[in-house]
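Numbering (UniProt numbering), first residue to last: 1 to 184. In what follows, a single structure is set out as structure tokens and then discussed.
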């Protein structure tokens with residue numbers, strides 16, 4: 001078992017040689033837990049992780065409100081491909097109508113995860129995934145062959161990754177309500 005992190009960063013614990021039954025028996029409500037190939041990863045989000053997630057939530061809510069898009073939160077609901085894959089996104093939503101799985105999932109990777117998180121989402125067939133790493137966001141759309149990177153969201157037309165990155169970085173350390181200034 002490996003565990004790293006500080007108060008402002010994420011604390012990550014990895015447990016190897018586990019089973020699906022062990023994964024689904026976990027009850028860790030304040031943690032982000034994933035399972036793949038016998039490895040359980042438990043992330044205790046740090047303060048910066050949560051701040052970035054809240055800015056991205058505010059961007060999505062504000063965009064939807066301004067563009068009259070219905071949205072249905074999934075947030076950290078566990079997404080599962082029974083017996084194979086399990087993932088709790090940092091932020092997730094369905095748009096227009098409520099569905100069995102989200103249209104969009106967001107991963108904030110400060111001290112954990114990587115583009116390899118896309119593999120987990122690919123098994124789950126999540127239509128669009130946003131990854132926050134190295135102070136920027138990248139958008140990916142699902143294809144049977146893997147995820148394809150886009151600059152403009154499929155789920156939220158006219159919202160591009162540069163704009164989301166700029167808003168989060170400009171607002172960081174300020175009130176989440178600052179996001180609304182970017183959507184006149």
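Ideal Cβ placement from N, Cα and C applies to all residues, glycine included. All figures in this text were calculated on a predicted structure; none of them were measured in a lab.
Cβ-based burial, residue i [other Cβ within 10 Å; buried from 16]
i	result
residue 181	exposed
residue 68	exposed
residue 153	buried
residue 258	Outside the modelled stretch of the chain, which goes from 1 to 184, sits residue 258, for which no answer is possible.
residue 89	buried
residue 105	buried
residue 28	exposed
residue 103	buried
residue 107	buried
According to DSSP, residues forming a beta bridge with residue i
i	result
residue 28	DSSP, once it has assigned bridges, lists no residue as partnering residue 28.
residue 94	72
residue 105	92, 129
residue 33	42
residue 141	128, 148
residue 87	79
residue 174	Paired residue(s): none; residue 174 is not in a bridge.
residue 160	152
Alpha carbon of residue i to alpha carbon of residue j, nearest angstrom
i	j	result
residue 92	residue 61	11 Å
residue 14	residue 117	14 Å
residue 141	residue 175	30 Å
residue 171	residue 52	9 Å
residue 121	residue 129	8 Å
residue 143	residue 178	35 Å
residue 66	residue 183	7 Å
residue 210	residue 72	Since the first residue of the chain shown is 1 and the last is 184, residue 210 is not available in this structure.
residue 150	residue 55	21 Å
residue 168	residue 156	17 Å
residue 74	residue 162	24 Å
residue 133	residue 38	25 Å
residue 6	residue 46	With a pLDDT of 42 at residue 6, under the threshold of 50, the predicted position of this residue should be treated as unreliable, and no value is reported.
Three-way DSSP call (helix, strand, coil) for residue i in this model
i	result
residue 146	strand
residue 128	strand
residue 6	With a pLDDT of only 42 at residue 6, under the threshold of 50, the placement of this residue in the model should not be trusted; the figure read from the coordinates follows. Residue state, collapsed to three classes: coil.
residue 14	strand
residue 79	strand
residue 154	coil
residue 169	helix
residue 99	coil
Worksheet entry | Meets three-Cβ-pair contact criterion under 8 Å: the region 15 to 33 and the region 123 to 139 | no
Worksheet item: Can you find at least 3 beta carbon pairs, one from the region 33 to 42 and one from the region 70 to 86, that sit closer than 8 Å?
Response: yes
Worksheet entry | Validate contact between the region 114 to 131 and the region 42 to 52 using beta carbons, cut 8 Å, 3 pairs | no
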